[in-house]
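FYI, our numbering numbers position 125 of the sequence shown as 772, with every residue one higher than the one before it.
Take a look at the structure set out below.
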Amino acid sequence: MMACLPVSLMTDELLCATVSVRAVIQNTRGEVLTVQRSSDHDWELPGGRLSRDEPPREGLHREIREETGLRVEIAEIVKANSWINTAGDGRFAVHYYCETTDYSVTLSDEHVDSKWVLPRQVEQVLCEPQMAAVHTAM
């Protein structure tokens, strides 16, 4: 039986968000891959939006190949979170833990740089929701 909230407890302000899948990619040295966007030069975890009717894991594999050229093994979901970015836009992301033995990153035009960082260093480059995904994964 499904439980319903009384109307008085329901929120009037629903989140309207862009949905994405993101990868916490760890290499054999225990480092996590971060990529720097060409649009605003902020750092992020690889990933992006799904195509219409695209299964999440397939979409994540596609995004990783397009953005980094890496071959990864996708494991489990480590975090799902929502937030409002600095531009005031809603975001919802599902983060997956991934492993790779491949260190050679080939960037797409979406990114200008990449770096492998230790999990304790993500605070220096990633936004809080993505940092939380890395910490949960490790």
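We treat Cβ as the ideally placed atom computed from N, Cα and C, and that holds for glycine.
Among 764, 774 and 725, whose alpha-carbon lies nearest the alpha-carbon of residue 676?
The shortest Cα separation from residue 676 among 764, 774 and 725 belongs to 764.
Look at residue 662 and residue 737 and say whether their C-beta atoms are less than 8 angstroms apart.
In this structure, residue 662 sits near residue 737, with a CB-CB distance shorter than 8 angstroms.
Going by DSSP, name the residue or residues bridged to residue 720.
Its beta-bridge partners are 746.
What is the rounded straight-line gap between the Cα of residue 694 and the Cα of residue 711?
Approximately 6 angstroms between the Cα atoms of the pair.
Can you have a look at residue 649 and say buried or exposed, based on whether 16 or more other CB atoms are within 10 angstroms of its CB?
Residue confidence is low: residue 649 scores 40 on pLDDT, short of 50, so the model does not pin down where it sits. No coordinate-derived value is stated.
Classify residue 757 as helix, strand or coil using the three-state DSSP reduction.
The answer is coil: DSSP assigns residue 757 none of H, G, I, E or B.
Below 6 angstroms CB to CB, which residues in the same chain sit around residue 666 once its five sequence neighbours on both sides are set aside?
Excluding positions up to five away in sequence, the list reads 739.
What does the alpha-carbon distance come out to for the pair residue 714 and residue 660?
A direct Cα-to-Cα measurement between residue 714 and residue 660 gives close to 34 angstroms.
Per-residue DSSP class, three states only, for residue 785
The answer is coil: DSSP assigns residue 785 none of H, G, I, E or B.
Range covered by the alpha helix (DSSP H) that runs through residue 707:
Per DSSP, residue 707 is one residue of the alpha helix (DSSP H) stretching across 703-715.
Three or more C-beta pairs below 8 angstroms linking the segment 767-781 and the segment 671-686
Counting C-beta pairs closer than 8 angstroms gives three or more between the segment 767-781 and the segment 671-686, which meets the contact rule.
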